[in-house]
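Worksheet: one structure, shown below.
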Amino acid sequence: MCNQNRLRCSSNPKGCLTLKFIGFVINKQPRIPVFVEIIAHHKSRAVSFVVDSGATYSAISEKELELMGLDSSIFPEEKKISIGFGGTFRNRIVNCPVHMTFGSDEQKHKIVVDGGLKIICISPDRKPEEREKMLQLTPSILGMDVLCNFNVHIYRRRIELELPE
Amino acid sequence: MKQDIAQIFKASCDNLKWLEKNYDNLKENYDSKWIIVQNREIVASDSNYEKIVSAMKKIDSKSALVEYVQSEQVAMFF
Numbered sequence: 001m002c003n004q005n006r007l008r009c010s011s012n013p014k015g016c017l018t019l020k021f022i023g024f025v026i027n028k029q030p031r032i033p034v035f036v037e038i039i040a041h042h043k044s045r046a047v048s049f050v051v052d053s054g055a056t057y058s059a060i061s062e063k064e065l066e067l068m069g070l071d072s073s074i075f076p077e078e079k080k081i082s083i084g085f086g087g088t089f090r091n092r093i094v095n096c097p098v099h100m101t102f103g104s105d106e107q108k109h110k111i112v113v114d115g116g117l118k119i120i121c122i123s124p125d126r127k128p129e130e131r132e133k134m135l136q137l138t139p140s141i142l143g144m145d146v147l148c149n150f151n152v153h154i155y156r157r158r159i160e161l162e163l164p165e
Numbered sequence: 166m167k168q169d170i171a172q173i174f175k176a177s178c179d180n181l182k183w184l185e186k187n188y189d190n191l192k193e194n195y196d197s198k199w200i201i202v203q204n205r206e207i208v209a210s211d212s213n214y215e216k217i218v219s220a221m222k223k224i225d226s227k228s229a230l231v232e233y234v235q236s237e238q239v240a241m242f243f
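Protein chains in written order, with the numbering used here: chain A, 1 to 165; chain B, 166 to 243.
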């Protein structure tokens, strides 16, 4: 299960059989906090991801990288193109292991994305006002590469990611 | 400010929960603005993204939530 997109998983259950991580539905977006660490750059931050079962891969927004203190332009462009409703585009990629930790109370579950995490970049060709709009609207996405490790429950106001035993 | 991962998670979850509870009120008072939520309260707001990034650097928190508030629902398809 954890080998897709070169993922490694580890948990620290303290006598608890099922690990459950809670998020909230905010402005019609199911969101969950994930602690993201990019060890090679000595950067980390809690990022609120939108749970998107329609996305093949997870991706971090340019905004969250900047808030972490990283400029997305230092990372290489991906070789493959991505497809969205707006057409095809080329992302950049964090080309070093990214540690994504899910947590609740004293429970933690870490997923290491060895293959690198995609960055949703805003094209440098955009006008400043378009860039600002894109920054406002572009979330970080938790896609099926990570979600396939969990049972996902979306309720009216909250969301639960449950790690099967 | 140094925070351990458990503290960061608790603070981050609390901020997200607070945002969910208060989003309707925020739409009235902070529509079309960026906000920074730390310890379940708004510590900075601005309509300009670069100013919010500068404010975040001063706050130096790994758990603070940066959010753009919008009352107008935008159709998004990922």
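Where is the CB? At the ideal position from N, CA and C, for every residue including glycine.
Which of the three DSSP states is assigned to residue i in this structure?
i	result
residue 136 of chain A	helix
residue 179 of chain B	helix
residue 217 of chain B	helix
residue 209 of chain B	strand
residue 110 of chain A	strand
residue 72 of chain A	helix
residue 150 of chain A	coil
residue 173 of chain B	helix
residue 57 of chain A	coil
Is there a C-beta anywhere in chain B that falls below 7 Å from the one on residue i?
i	result
residue 2 of chain A	Its pLDDT being 45, under 50, residue 2 of chain A is placed unreliably in this model, and the value from its coordinates should be taken loosely. It does not; no Cβ of chain B falls within 7 Å.
residue 150 of chain A	no
Tell me, to the nearest whole angstrom, how far the beta carbon of residue i is from that of residue j; I am working on the premise that it is less than 8 Å.
i	j	result
residue 152 of chain A	residue 48 of chain A	That belief does not hold up - the Cβ atoms of residue 152 of chain A and residue 48 of chain A are roughly 16 Å apart, past 8 Å.
residue 100 of chain A	residue 51 of chain A	Residue 100 of chain A to residue 51 of chain A, Cβ: 13 Å. No contact.
residue 168 of chain A	residue 46 of chain A	Limits of chain A in this structure are 1 at one end and 165 at the other, which puts residue 168 of chain A out of reach.
Which residues does DSSP pair with residue i in a beta bridge?
i	result
residue 195 of chain B	In the DSSP output, where bridge partners are listed per residue, residue 195 of chain B has none listed.
residue 99 of chain A	A/37 and A/112
Please work out which residues of its chain come closer than 7 Å, Cβ to Cβ, to residue i, disregarding the five sequence neighbours upstream and downstream, and give them in chain order.
i	result
residue 104 of chain A	20, 21 and 22
residue 134 of chain A	122 and 126
Of all the CB atoms in chain A, is at least one closer than 7 Å to the CB of residue i?
i	result
residue 207 of chain B	no
residue 170 of chain B	yes
residue 202 of chain B	no
residue 228 of chain B	yes
residue 191 of chain B	no
For residue i, which residues of its own chain have a beta-carbon under 6 Å away from its beta-carbon, when the five flanking residues on both sides are left out?
i	result
residue 25 of chain A	157
Between residue i and the ligand PLP, is there a pair consisting of the residue's CB and a ligand heavy atom that are separated by less than 6 Å?
i	result
residue 218 of chain B	For the structure depicted, the ligand PLP is absent and the ligand set is empty, with no information on it obtainable.
Can you name the residues of chain C whose CB is closer than 8 Å to the CB of residue i?
i	result
residue 237 of chain B	Of the protein chains in the structure, A and B, none is chain C.
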